[in-house]
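K.L.:
Residue numbers (our numbering): 251 to 673.
(1) Would you decide whether residue 577 is buried or exposed? Buried here means 16 or more other CB atoms lie within 10 Å of its CB.
(2) Just the Cα atoms here: how many angstroms apart are residue 499 and residue 446?
(3) What are the boundary residues of the beta strand (DSSP E) that residue 434 is part of?
(4) Kindly list the residues whose CB is nearer than 6 Å to the CB of residue 508, restricted to its own chain and excluding five residues on each side of it in sequence; keep chain order.
(5) Rounding to the nearest angstrom, what Cα-Cα distance links residue 512 and residue 662 in this structure?
(6) Are residue 596 and residue 605 close, meaning C-beta to C-beta below 8 Å?
(7) DSSP state of residue 253, grouped into three classes?
(8) Nearest-angstrom Cα distance between residue 689 and residue 418?
(9) Would you identify the three-state DSSP class for residue 359, choosing helix, strand or coil?
(10) What three-state label does DSSP hand residue 537 in the structure shown?
(11) What residues in its chain sit with their C-beta under 8 Å from that of residue 300, if we drop five residues either side in the sequence?
(12) For the beta strand (DSSP E) containing residue 588, list its first residue and its last residue.
(13) Please state whether the Cβ-Cβ distance between residue 441 and residue 490 is less than 8 Å.
(14) Taking the alpha carbon of residue 220 as the point to measure from, which residue in 594, 581, 555, 601 has its own alpha carbon closest?
(15) Is the distance from the Cβ of residue 343 to the Cβ of residue 357 below 8 Å?
(16) Classify residue 426: buried if its beta carbon has 16 or more other beta carbons within 10 angstroms, exposed otherwise.
(17) Thinking C-alpha only, which one of 313, 336, 323, 309 is nearest residue 519?
(18) Nearest-angstrom Cα distance between residue 579 and residue 517?
(19) On the DSSP bridge list, what partners appear for residue 449?
(20) To the nearest angstrom, how far is the alpha carbon of residue 523 from that of residue 465?
(21) Could you check whether the segment 554-574 touches the segment 387-406, counting it as contact only if at least three pairs of C-beta atoms, one from each stretch, sit closer than 8 Å?
(22) Let's test the definition: count the other Cβ atoms within 10 Å of the Cβ of residue 590 and tell me whether it reaches 16, buried, or not, exposed.
(23) Counting pairs of Cβ atoms below 8 Å between the segment 362-374 and the segment 582-589, do you hit three or more?
(24) Can you name the start and end residues of the alpha helix (DSSP H) that residue 384 belongs to?
(25) Kindly indicate the opening and closing residues of the alpha helix (DSSP H) around residue 611.
(26) Is the beta carbon of residue 625 less than 8 Å from the beta carbon of residue 603?
(27) Identify the continuous alpha helix (DSSP H) that holds residue 409 and give its terminal residues.
(28) Is residue 549 helix, strand or coil when you go by DSSP?
(29) Please give the ranges of any alpha helix (DSSP H) in the segment 592-667, keeping only runs that are unbroken, at least 4 residues long and fully inside the region.
(30) Check whether the segment 309-323 touches the segment 629-648, taking contact to mean three or more Cβ pairs, one atom from each stretch, closer than 8 Å.
(31) Any idea what DSSP makes of residue 554, helix, strand or coil?
(32) Whose C-beta lies closer than 8 Å to the C-beta of residue 380 among residues of the same chain, with five residues either side of it excluded?
(33) Please report how far the alpha carbon of residue 492 lies from the alpha carbon of residue 653, in whole angstroms.
(34) Could you give the distance in angstroms between the alpha-carbon of residue 292 and the alpha-carbon of residue 532?
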């Protein structure tokens with residue numbers, strides 16, 4: 251009788267390994283396969299969220315770290331976290347305007363006007379700082395309200411109205427400063443401390459990181475319970491835990507880096523608090539839902555009995571207010587206000603930050619956190635260029651290229667969503 255060695259088929263079967271992996275291996279393979287399939291679906295449907303922006307930011311940091319090892323030093327990152335605040339706050343206001351499919355070209359001039367109003371009131375006329383700050387913010391709110399009401403009532407495109415505002419508010423700022431040209435602020439005053447004060451106690455930075463992670467978990471959990479009770483799709487507890495864990499890692503890593511220099515900057519704390527608060531307003535209030543609805547189409551919003559005039563006016567008022575806040579932080583950074591305040595590339599950088607961060611130019615898509623990511627990318631490029639002694643002209647070229655790429659991606663994303671019935 252022939253044995254298995256004499257049978258080629260039996261010998262081949264005996265030496266052929268089981269193609270299926272072990273049970274743990276199959277589980278890992280299944281998870282990877284599901285994630286890959288989900289990522290492919292999201293890519294095809296253009297629903298990757300902020301992932302491309304984060305990848306661009308990481309790439310920028312890696313490139314400049316290779317060019318100069320001091321780029322990711324605690325000192326430079328701490329300075330970067332303060333430098334993004336002024337432009338970032340203005341960009342947050344622009345996000346509101348972009349969400350309704352409009353564009354505000356006056357934010358740079360409004361920021362300069364508010365800073366000039368504060369300086370004239372406080373330094374030249376002796377008005378208390380706290381009152382001068384409030385009046386300066388009201389100047390920005392009033393300018394934005396006038397523009398918003400004009401857009402809503404005349405139905406002239408916002409970019410035309412705000413272009414006129416750019417010239418008007420800039421002229422008013424020059425009139426207020428007159429021949430003085432530059433007004434130096436008190437270096438020990440309240441406004442100056444907005445960007446110069448640091449919480450040196452390490453526990454403050456770690457406490458803020460823990461509070462942020464806990465708050466995100468609680469809000470996500472409450473949202474899950476609410477959607478579950480209504481029978482709507484909701485995230486699993488595992489997904490919420492993973493997202494919160496990732497946020498906690500980033501937050502505590504940032505706190506560790508900041509504590510290696512001078513601690514948590516007051517400017518960064520205020521910035522994140524304002525961004526988080528406005529994000530809640532946009533995503534969890536009736537007003538925020540009206541803003542997104544208006545971005546989906548004005549005629550559809552009117553037929554749904556939405557007060558278009560009120561929403562458009564409020565959106566431009568928010569933009570003007572945030573421009574005023576950003577103007578005070580920019581003045582705080584250099585402790586002075588001059589005739590060049592609010593001019594230069596400030597407007598372009600603020601708009602670029604909102605668009606690069608992921609806010610759609612077509613309206614209806616974006617969050618306040620988009621401005622944070624966009625401002626980080628723009629300021630990282632500027633900081634990297636500075637420490638590597640790269641010509642400023644190249645900075646403009648790179649920033650323009652990133653902005654163009656973001657606009658193209660936004661257009662392709664919208665086209666893909668229309669093809670999939672999601673736009």
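No residue lacks a Cβ here, since even glycine has one placed at the ideal position from N, Cα and C.
P.N.:
Straight from the coordinates:
(1) buried
(2) 27 Å
(3) 432-434
(4) 328, 455, 514
(5) 43 Å
(6) no
(7) Note that residue 253 scores 48 on pLDDT, short of 50, meaning its location in the model is unreliable; the coordinates nonetheless yield the value given after this. Coil, per DSSP.
(8) Here the chain has residues from 251 to 673 only, and residue 689 is not among them.
(9) helix
(10) helix
(11) 607, 608, 619, 620, 623
(12) 586-588
(13) 8 Å or more divides the Cβ of residue 441 from the Cβ of residue 490.
(14) Since the displayed the chain opens at 251 and closes at 673, residue 220 lies outside it and no answer follows.
(15) yes
(16) buried
(17) The shortest C-alpha separation from residue 519 is found at 336.
(18) 8 Å
(19) 514
(20) 12 Å
(21) Yes, they touch.
(22) By the neighbour-count definition (other C-beta atoms within 10 Å, threshold 16), residue 590 is an exposed residue.
(23) yes
(24) 379-404
(25) DSSP places residue 611 in no alpha helix (DSSP H); its state is neither H nor E.
(26) yes
(27) 408-427
(28) For residue 549, the three-state secondary structure derived from DSSP is helix.
(29) 596-606, 618-637
(30) yes
(31) coil
(32) 440
(33) 31 Å
(34) In this prediction, residue 292 has a pLDDT of 47, which is less than 50 and means its spatial position is unreliable; nothing more can be read from the coordinates.
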